[in-house]
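Worksheet: one structure, shown below.
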Amino acid sequence: MGNEFEGKTALVTGASRGIGAATAIVLARQGTRRVLVHYNSHRQGAEETAAAIERAGAECTLMQADLGRLEEIHSFVAQLRRTGPEVDILVNNAGSLVRRAQLTEVTEELYDEVMNLNVKSAYFITQAVAPYMIGRSSGAIVHVSSIAARNGGGPGATVYAAAKGAILTMTKGMARELAPKGVRVNAVSPGTVDNHFHEQFSTREILESVVRMTPAGRLGTNEDLADVIVFLCSDAARYVHGQTIEVNGGMLAP
Numbered sequence: 004m005g006n007e008f009e010g011k012t013a014l015v016t017g018a019s020r021g022i023g024a025a026t027a028i029v030l031a032r033q034g035t036r037r038v039l040v041h042y043n044s045h046r047q048g049a050e051e052t053a054a055a056i057e058r059a060g061a062e063c064t065l066m067q068a069d070l071g072r073l074e075e076i077h078s079f080v081a082q083l084r085r086t087g088p089e090v091d092i093l094v095n096n097a098g099s100l101v102r103r104a105q106l107t108e109v110t111e112e113l114y115d116e117v118m119n120l121n122v123k124s125a126y127f128i129t130q131a132v133a134p135y136m137i138g139r140s141s142g143a144i145v146h147v148s149s150i151a152a153r154n155g156g157g158p159g160a161t162v163y164a165a166a167k168g169a170i171l172t173m174t175k176g177m178a179r180e181l182a183p184k185g186v187r188v189n190a191v192s193p194g195t196v197d198n199h200f201h202e203q204f205s206t207r208e209i210l211e212s213v214v215r216m217t218p219a220g221r222l223g224t225n226e227d228l229a230d231v232i233v234f235l236c237s238d239a240a241r242y243v244h245g246q247t248i249e250v251n252g253g254m255l256a257p
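According to the working numbering, the sequence shown is numbered sequentially starting from 4.
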């Protein structure tokens, strides 16, 4: 990719581990000048991500917020505006199932937390940084959806699946609005990735059954997703707008 990211600032949410951390580090290695790393509770992981970014030669700023809480979305956006939302690349990766719950078990509080974390935070963080991108007629935004948006999710994941479905639709709507202004909006949709998310919400038996059903014969890795995200941020994807790339080892191919 040459030096196309040189001098740019990237913001990656949910970057203390997993896909977010891998993406932040790859962006630094590709020459990004500064990476803003958002995290919630895993401070040690965020510091490890920051150290890797700095070893790659980029500056790093840590930003903490629980994006599942509306008031913390507001405070994060306010903090971003105070520190200067000069963001050239935005990766809205923060998200979680929070916990599995059947229809009769879902409370309004759980519903709101899942929607805040996966959808509302992405929308309003994008709103905060978009004016800078529009002013420069340049910018790349990548949302992270999920295969759950296509298949409804596993047991107890309906609200999460709906949230990730909203990300797919939001990607298309934002792309239509921002493409004429020089800003590209796309998304990636991970399949089952062998990372902390599934350590929390899946068993090894479930993961082994997924491997058997996956044409590629393995689970995804954080790096598999990070490389596609960075591609969508690059000039190689300069004519790609409003697309969601499925990164799932062929699970949706049949």
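We put the CB at the ideal spot given by N, CA and C, even for glycine.
Do the CB positions of His146 and Ala190 come within less than 8 Å of each other? For His146 and Ala190, yes; Cβs fall inside 8 Å.
Check the DSSP bridge columns for Tyr42 and list the partner residues they point to. Looking at the DSSP assignment, Tyr42 forms a beta bridge with Gln67.
Please classify Ile209 as buried or exposed, where buried requires at least 16 other C-beta atoms within 10 Å of its C-beta. Exposed, because fewer than 16 other Cβ atoms sit within 10 Å of the Cβ of Ile209.
Please work out which residues of its chain come closer than 7 Å, Cβ to Cβ, to Ala104, disregarding the five sequence neighbours upstream and downstream, and give them in chain order. Taking C-beta separations shorter than 7 Å and ignoring five residues to either side along the sequence, the partners of Ala104 in its chain run Leu113 and Gly159, following chain order.
For the beta strand (DSSP E) holding His77, just list the boundary residues, first then last. Here His77 belongs to no beta strand (DSSP E); instead the alpha helix (DSSP H) covers Leu73 to Thr86.
Let me confirm a value: Arg187 is counted as buried when at least 16 other C-beta atoms fall within 10 Å, else exposed. Which label applies? When all chains shown are included, Arg187 counts as buried.
When you compare each of Ser141, Thr107, Gly155 and Ser192 to Leu181 by their alpha carbons, which one comes out closest? Leu181 has its Cα closest to that of Ser141, out of Ser141, Thr107, Gly155 and Ser192.
From Gly185 to Ser212, what distance separates their C-alpha atoms? So the alpha carbons of these two residues sit roughly 43 Å apart.
When DSSP builds the beta bridges, which residues end up paired with Leu14? Residue pairing by DSSP places Leu14 opposite Leu39 and Leu93 in a beta bridge.
What span of residues does the alpha helix (DSSP H) with Asn154 cover, start to end? Start and end: Ala151 to Asn154.
Can you name, in chain order, every residue of its own chain whose Cβ lies under 6 Å from the Cβ of Ala229, other than the five neighbours on each side? Ala25, Thr26 and Val29, listed in sequence order.
When the Cα of Glu89 is compared with those of His77, Thr224, Leu14 and His41, which residue comes out closest? Considering only alpha carbons, the answer is Leu14.
Gly194 and Pro218 closer than 8 Å at C-beta: For Gly194 and Pro218, no; Cβs fall outside 8 Å.
Can the beta-carbon of Glu164 be found less than 8 Å from the beta-carbon of Ala151? Note that residue 164 is Ala in the sequence shown, not Glu. The answer is yes: Cβ separation under 8 Å.
Only counting the same chain, and skipping five residues up and downstream in sequence, which positions put a Cβ closer than 6 Å to that of Asn121? Here the set comprises Gly98 and Ala166.
Look up Thr247 in the DSSP assignment and give the residues it is bridged to. Partner(s): Ala190.
Flag this pair as yes or no: are the beta carbons of Ala59 and Arg37 separated by less than 8 Å? No, Cβ-Cβ distance for Ala59 and Arg37 is not below 8 Å.
Can you tell me which of the three DSSP states Ala53 falls into? Residue state, collapsed to three classes: helix.
Of the choices Gly21, His41, Asp115 and Gly10, whose alpha-carbon is the least far from that of Asp91? Of the listed residues, the one whose Cα sits closest to Asp91 is Gly10.
For Thr16 versus Asn119, is the C-beta distance shorter than 8 Å? For the 8 Å CB-CB criterion, Thr16 and Asn119 do not form a contact.
Are the CB atoms of Ala169 and His244 nearer to each other than 8 Å? Not closer than 8 Å, so no.
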